[in-house]
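Encoded as C-alpha cells, the structure appears first; notes follow it.
There are 2 protein chains.
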Amino acid sequence: MVEVLRFKKEDLLAYVVKYMGKLGVPQEDAKIVGDVLLSADIRGTDSHGMIRLASYYGNRLRNKFINPLTPIKIVSETDTTALIDGGNGCGQVVSYKAMKLAIEKAKKSSVGIVTVKHSDHYGIAAYYAMMALEEDMLGVSMTNSQPLVAPTYGKTAVLGTNPIAVAAPSYNEYPYVLDMATSTVPIGRVKVYEKEGKKIPLGWAIDSDGNITEDPKKCQSGYIGALMPLGGTDIMRGYKGYGLALLVDILCGVLPGGSNLTEIGFPHEPKEADVGHFFMAVNINAFRPVIDFKKQMDHVIKMLKDAPKAPGRDRIYIAGEKEYDNAKYNEEHGVPVIAPVIEDLKKDGEKMGLPFDISPVSKENK
Amino acid sequence: MVEVLRFKKEDLLAYVVKYMGKLGVPQEDAKIVGDVLLSADIRGTDSHGMIRLASYYGNRLRNKFINPLTPIKIVSETDTTALIDGGNGCGQVVSYKAMKLAIEKAKKSSVGIVTVKHSDHYGIAAYYAMMALEEDMLGVSMTNSQPLVAPTYGKTAVLGTNPIAVAAPSYNEYPYVLDMATSTVPIGRVKVYEKEGKKIPLGWAIDSDGNITEDPKKCQSGYIGALMPLGGTDIMRGYKGYGLALLVDILCGVLPGGSNLTEIGFPHEPKEADVGHFFMAVNINAFRPVIDFKKQMDHVIKMLKDAPKAPGRDRIYIAGEKEYDNAKYNEEHGVPVIAPVIEDLKKDGEKMGLPFDISPVSKENK
Numbered sequence: 021m022v023e024v025l026r027f028k029k030e031d032l033l034a035y036v037v038k039y040m041g042k043l044g045v046p047q048e049d050a051k052i053v054g055d056v057l058l059s060a061d062i063r064g065t066d067s068h069g070m071i072r073l074a075s076y077y078g079n080r081l082r083n084k085f086i087n088p089l090t091p092i093k094i095v096s097e098t099d100t101t102a103l104i105d106g107g108n109g110c111g112q113v114v115s116y117k118a119m120k121l122a123i124e125k126a127k128k129s130s131v132g133i134v135t136v137k138h139s140d141h142y143g144i145a146a147y148y149a150m151m152a153l154e155e156d157m158l159g160v161s162m163t164n165s166q167p168l169v170a171p172t173y174g175k176t177a178v179l180g181t182n183p184i185a186v187a188a189p190s191y192n193e194y195p196y197v198l199d200m201a202t203s204t205v206p207i208g209r210v211k212v213y214e215k216e217g218k219k220i221p222l223g224w225a226i227d228s229d230g231n232i233t234e235d236p237k238k239c240q241s242g243y244i245g246a247l248m249p250l251g252g253t254d255i256m257r258g259y260k261g262y263g264l265a266l267l268v269d270i271l272c273g274v275l276p277g278g279s280n281l282t283e284i285g286f287p288h289e290p291k292e293a294d295v296g297h298f299f300m301a302v303n304i305n306a307f308r309p310v311i312d313f314k315k316q317m318d319h320v321i322k323m324l325k326d327a328p329k330a331p332g333r334d335r336i337y338i339a340g341e342k343e344y345d346n347a348k349y350n351e352e353h354g355v356p357v358i359a360p361v362i363e364d365l366k367k368d369g370e371k372m373g374l375p376f377d378i379s380p381v382s383k384e385n386k
Numbered sequence: 021m022v023e024v025l026r027f028k029k030e031d032l033l034a035y036v037v038k039y040m041g042k043l044g045v046p047q048e049d050a051k052i053v054g055d056v057l058l059s060a061d062i063r064g065t066d067s068h069g070m071i072r073l074a075s076y077y078g079n080r081l082r083n084k085f086i087n088p089l090t091p092i093k094i095v096s097e098t099d100t101t102a103l104i105d106g107g108n109g110c111g112q113v114v115s116y117k118a119m120k121l122a123i124e125k126a127k128k129s130s131v132g133i134v135t136v137k138h139s140d141h142y143g144i145a146a147y148y149a150m151m152a153l154e155e156d157m158l159g160v161s162m163t164n165s166q167p168l169v170a171p172t173y174g175k176t177a178v179l180g181t182n183p184i185a186v187a188a189p190s191y192n193e194y195p196y197v198l199d200m201a202t203s204t205v206p207i208g209r210v211k212v213y214e215k216e217g218k219k220i221p222l223g224w225a226i227d228s229d230g231n232i233t234e235d236p237k238k239c240q241s242g243y244i245g246a247l248m249p250l251g252g253t254d255i256m257r258g259y260k261g262y263g264l265a266l267l268v269d270i271l272c273g274v275l276p277g278g279s280n281l282t283e284i285g286f287p288h289e290p291k292e293a294d295v296g297h298f299f300m301a302v303n304i305n306a307f308r309p310v311i312d313f314k315k316q317m318d319h320v321i322k323m324l325k326d327a328p329k330a331p332g333r334d335r336i337y338i339a340g341e342k343e344y345d346n347a348k349y350n351e352e353h354g355v356p357v358i359a360p361v362i363e364d365l366k367k368d369g370e371k372m373g374l375p376f377d378i379s380p381v382s383k384e385n386k
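From first to last, the protein sequence lines stand for chains A and B.
Per my numbering, residue 21 is the first one in the first sequence, and the count goes up by one each step.
Per my numbering, residue 21 is the first one in the second sequence, and the count goes up by one each step.
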C-alpha cells in the first residue's frame with residue numbers, strides 16, 4: 021500500500037517551471053516539459069511523470085547531459101519533411117516543436133514527417149501523437165531509447181523498448197490512442213515484480229546466459245539479462261516485436277542520422293542520451309471528409325465493444341481508453357503522485373533552495 | 021514428407037497469365053498477379069503463392085466475386101495522397117498501381133500515401149513495401165482481412181490477421197523487410213499443427229468459449245474459436261497486437277471508407293472480400309543523402325549480427341533476411357511448388373481446357 025497525494029495541475033506545473041528555470045530552462049520550454057510530465061501522471065502512466073523530474077531530468081540538467089536551452093537546428097526541410105537537430109536539449113521541447121511542424125506541413129501538404137536526432141528522453145510517446153487529434157489528423161510518434169531488449173536469438177540488451185504511438189480521432193467515442201513499448205513489458209514492470217517478490221511470466225526476460233527466466237533479479241536495466249521483444253520467444257513470434265523495435269530504431273536513428281542501439285546512453289551514464297524521434301501527421305480531409313472518418317471510427321469501436329466477451333470479462337477496451345478514463349477522473353480529482361516521489365521532490369527542492377511546499381488537494385491509499 | 025517440384029519462373033508466370041486470361045483478366049494485369057504470387061513462393065511464403073491460384077483467385081474470379089477488369093477509380097487526390105476505389109477487382113493489380121502512385125508522389129513531394137477500398141486479397145504485404153526499395157525509398161504496406169482474431173477480452177474472431185510490411189534499403193546488406201501478421205500466427209500455422217497431430221502453444225488461439233486452448237481443432241477459420249493477437253494473453257501484452265491489428269483496420273478500412281472487422285468477407289463466402297489497403301512511400305533523400313542512410317543501415321545490421329548469441333544459436337537475423345536467402349536459392353534452382361498444389365492445378369486446368377503441362381526443372385523431397 022502506498023499513499024497517493026493529489027494536487028492541482030496548475031500548482032505542479034508552476035513548480036516544474038520554477039524548478040526547470042533554476043536549471044536554466046526558459047519558461048516557455050519548461051511549460052512544455054511540465055505539461056508532458058503531468059500528462060503522464062494524469063493518464064495513469066506515472067512511470068513517466070513527476071517521478072522523473074528530479075531523478076532524471078533534474079540530475080541530467082544539473083550535470084549538463086541535457087542542454088537547458090534546447091538549441092534546435094533544422095538540418096533539412098521540404099514542404100512535407102524536416103530533419104531537426106535537437107542539440108541534446110530537452111526532448112519534450114524539440115518533440116513538441118517537431119510535431120507542431122509536422123502538423124503545419126500536413127495542413128498545407130496533407131502529410132508531414134519530422135525526424136529528430138541528438139535529443140533526450142521525450143516522456144510519453146502518446147503526447148505528441150495526440151497533438152494531431154486537436155487538428156482532426158492522424159498522429160504518429162516514436163522514439164528510440166537505451167538498450168534494454170535482446171534481439172531474437174541474442175543474449176544481451178541491444179535494442180531500446182522503442183515505443184510506437186498512433187492516434188486517430190473519433191466522433192463521440194474516445195479517440196484511438198495506441199502507445200506501446202515494442203518489448204513485452206518495460207523494465208519498470210520487472211522491478212515491480214521483484215519488489216513484490218513475485219516470479220515474472222516466461223517471455224518477459226532472459227538472464228545473462230541468454231536463457232528465458234522467471235527471476236526478476238536476473239533482468240536488470242540492460243547490464244544483467246535483457247527484456248524480450250513483444251511476443252517473447254521465437255515460438256510466440258517474439259521476432260515480430262524485435263522487428264518492430266528495429267523499425268523504430270531505423271526511423272528514429274538511421275533516418276535522421278543519429279545514434280542507434282547500444283550507442284544510446286543510459287540515464288545513469290555520464291553522457292548525453294542522444295536519442296532520436298519520428299513524428300508524422302496525416303490530414304484525414306485529404307482522403308475524405310474527416311466527419312465521415314470519425315463517424316466510421318465510432319462504428320468500428322462500437323462493433324468491437326459489442327463483440328462477445330471472454331469468460332470473466334465484461335468489457336473490451338480500445339487502445340487508449342483506460343488512459344482517457346484515468347484522465348477524466350484525475351482532471352476532476354487532482355493529479356495523483358505517490359508519497360515517495362513527493363519525498364524525493366522535497367529533498368531535491370531543499371538542495372536547490374526551491375522548497376516543494378504545494379498543498380495536496382487530497383490524500384488516499386492505493 | 022512432401023514432394024517439391026521446381027519450375028522456371030517464366031514458365032509458371034506464362035501459365036498464370038493464360039489462366040487468368042481465360043477468366044477475363046487482361047494480360048498486363050495477369051502479369052502483376054502472377055509476379056506477386058510467384059514472389060511469395062520464391063521468398064518461401066508458399067501459403068500465399070501458387071497454392072492460391074486455383075483455390076482462391078480462380079474460384080472467386082469464376083464466381084464473379086472478383087471483377088477481372090479491376091475497374092480502378094481515383095476518388096480523391098492531392099500531391100501527396102490518393103484514395104482509390106478498387107472496384108472489387110484483383111487486389112494485386114490495384115495495389116501495384118497504388119504503390120506506384122505513392123512512389124511517384126514521393127518522388128515529387130517526398131512522401132506519398134495511397135489508400136484503397138473495395139479491393140480483394142493482395143497477396144504478400146512485403147511485395148508492395150519492397151517496390152519502394154528500387155527507388156531507394158522507405159515503403160509501407162498494410163491490408164485488413166477476414167475476421168480470424170479475437171480482441172483482448174473478446175471470445176470471437178472480430179479482427180483480421182491484418183499484416184504490416186515495412187521496407188528500408190541498406191548498402192551491402194540485405195534490406196530490412198518486415199512483413200508480419202498482427203496475430204501471433206496465421207490460421208495456416210494452426211492447421212499445420214492439427215495435421216501433424218501436435219498441440220499448439222498457449223497464446224496462439226482461444227476456443228469458442230473464449231478460453232485459451234492447446235487444441236488446434238478448437239480454432240478453425242473464424243467460426244470455431246479465434247486466433248490471439250501478437251503477444252497472446254493479457255499478461256503477455258496481447259493487447260498490443262490487438263492495438264496494432266486495429267491500427268491496420270483504421271488505416272485500411274476507416275481511412276479509405278471501406279469495410280471493417282466482421283464486415284469483411286471470407287474467401288469461401290459468396291460475396292466480395294471488400295478489403296482495403298494502405299501504402300506509403302517516403303523519399304529518404306528529402307531528409308539526408310540516401311547513401312548515408314544506407315551505410316548507416318549496414319552499420320546497424322552489423323551491430324545486431326555481431327551481438328552475443330543465445331545458447332544454441334549462432335546467428336541473429338534481420339527482418340526479411342531468411343526470405344532473401346530463400347529467394348537467392350530459389351531464383352537459382354527454380355520456384356518450388358509442392359506436389360499437392362500441382363495436382364490441384366492440373367485438375368483445375370483440365371476443367372478449364374488449359375492443361376498444366378509445364379515440366380519441372382527438378383524434383384526433391386522436403
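Think of the CB as a built atom: it goes at the ideal place given N, C-alpha and C, for glycine as much as any other residue.
Same chain, Cβ closer than 6 Å to residue i, neighbours up to 5 away in sequence not counted
| i | result |
| --- | --- |
| B/Gly258 | Thr172, Met248, Pro249, Gly251, Gly252 |
| B/Gly121 | Looking at the sequence shown, residue 121 of chain B is not Gly but Leu. Same-chain partners within the cutoff: Ala102, Val134. |
| A/Pro347 | Inspection of the sequence shows that residue 347 of chain A is occupied by Ala rather than by Pro. Contacts found: Ile62, Arg63. |
| A/Ser228 | Ile244, Gly245 |
| B/Pro287 | Tyr76 |
CB contact check: residue i to chain D, cutoff 8 Å
| i | result |
| --- | --- |
| A/Ser161 | Of the chains in the structure shown, none is chain D; the protein chains are A and B. |
8 Å Cβ shell around residue i - same chain, five flanking residues per side excluded
| i | result |
| --- | --- |
| A/Gly340 | Ala146, Ala187, Tyr194, Pro195, Tyr196, Val197, Leu198, Asp199 |
| A/Leu58 | Lys29, Leu32, Leu33, Val36, Gly69, Met70, Val355 |
| B/Ile338 | Glu193, Tyr194, Tyr196, Ile321, Leu324, Lys325 |
| B/Leu271 | Thr135, Met162, Phe298 |
Chain-ordered chain A contacts of residue i [CB-CB under 8 Å]
| i | result |
| --- | --- |
| B/Met151 | The premise fails here: B/Met151 is roughly 18 Å from chain A at the closest Cβ pair, so nothing lies under 8 Å. |
| B/Asp269 | Val320 |
| B/Ile207 | Chain A residues near B/Ile207: none, gap ~14 Å exceeds 8 Å. |
| B/Tyr196 | Leu266, Leu267, Ile270 |
| B/Tyr173 | Lys329, Ala330, Arg333, Arg335, Ile336, Tyr337 |
Cross-strand partners of residue i (DSSP beta bridge)
| i | result |
| --- | --- |
| A/His297 | A/Val136, A/Thr163 |
| B/Phe27 | B/Val355 |
| A/Gln240 | A/Ile244 |
| B/Ser190 | DSSP output for B/Ser190 lists no bridge partner at all. |
| A/Asp254 | In the DSSP output, where bridge partners are listed per residue, A/Asp254 has none listed. |
| B/Asn87 | B/Gly109 |
| B/Met200 | B/Ile184 |
| B/Ser382 | B/Arg26 |
| B/Pro249 | B/Ser203 |
| B/Ser96 | B/Leu103 |
Residue i: contacting residues in chain A (beta-carbon distance under 7 Å)
| i | result |
| --- | --- |
| B/Ala223 | First, the amino acid is wrong: residue 223 of chain B is Gly here, not Ala. Ordered by position in chain A, the residues that pass the 7 Å Cβ test against B/Gly223 are Met256. |
| B/Arg308 | Ser96, Leu103, Gly277 |
Chain A contact residues for residue i, given Cβ-Cβ distances below 9 Å
| i | result |
| --- | --- |
| B/Asn280 | Gln316, His319, Val320, Met323 |
| B/Phe298 | Residues of chain A passing the Cβ test: none, with the nearest at roughly 10 Å. |
Where residue i meets chain B, residues with beta-carbon distance less than 7 Å
| i | result |
| --- | --- |
| A/Val302 | Ile133 |
| A/Thr100 | Thr100, Ser129, Ser130, Val131 |
Other residues of its chain near residue i: CB distance less than 7 Å, five sequence neighbours each side excluded
| i | result |
| --- | --- |
| A/Lys367 | none |
| A/Gly54 | Leu33, Val36, Val37 |
| B/Glu154 | none |
| B/Glu214 | Pro236, Lys237 |
Listed by chain order, chain B residues near residue i by CB distance under 8 Å
| i | result |
| --- | --- |
| A/Asp229 | Pro331 |
Within chain B, the residues that residue i reaches when beta carbons sit closer than 9 Å
| i | result |
| --- | --- |
| A/Met200 | Arg257, Tyr259, Lys260, Gly263, Leu264 |
| A/Ala188 | Leu267, Ile270, Leu271, Val274, Leu275 |
Alpha helix (DSSP H) segments (min. 4 residues) lying fully within the region 101-186 of chain A: Within the region 101-186 of chain A, the complete alpha helix (DSSP H) runs of at least 4 residues are 111-129, 146-151.
At which residue ranges does the region 311-364 of chain A contain complete beta strand (DSSP E) runs of 3 or more residues, listed in the order of the chain? Fully enclosed beta strand (DSSP E) runs of 3 or longer: 355-358.
To test your reading of the DSSP string, which unbroken beta strand (DSSP E) runs of 3 or more residues are found completely within the region 28-73 of chain B? Taking only runs of at least 3 residues, no beta strand (DSSP E) segment lies wholly in the region 28-73 of chain B.
Compile a chain-ordered list of the residues in the region 114-143 of chain A whose CB is closer than 7 Å to at least one CB of chain B. Ser129, Ser130, Val131, Ile133, Thr135
Would you list, in chain order, the members of the region 235-260 of chain B that have their beta-carbon closer than 7 Å to a beta-carbon of chain A? Look at the region 235-260 of chain B: the residues with a C-beta under 7 Å from a C-beta of chain A are Leu250, Gly251, Gly252, Ile255, Met256, Arg257, Lys260.
Any C-beta of chain A within less than 9 Å: which residues of the region 335-357 of chain B qualify? Within the region 335-357 of chain B, those residues whose Cβ lies closer than 9 Å to any Cβ of chain A are, in chain order, Arg335, Ile336, Tyr337, Ile338, Ala339, Gly340.
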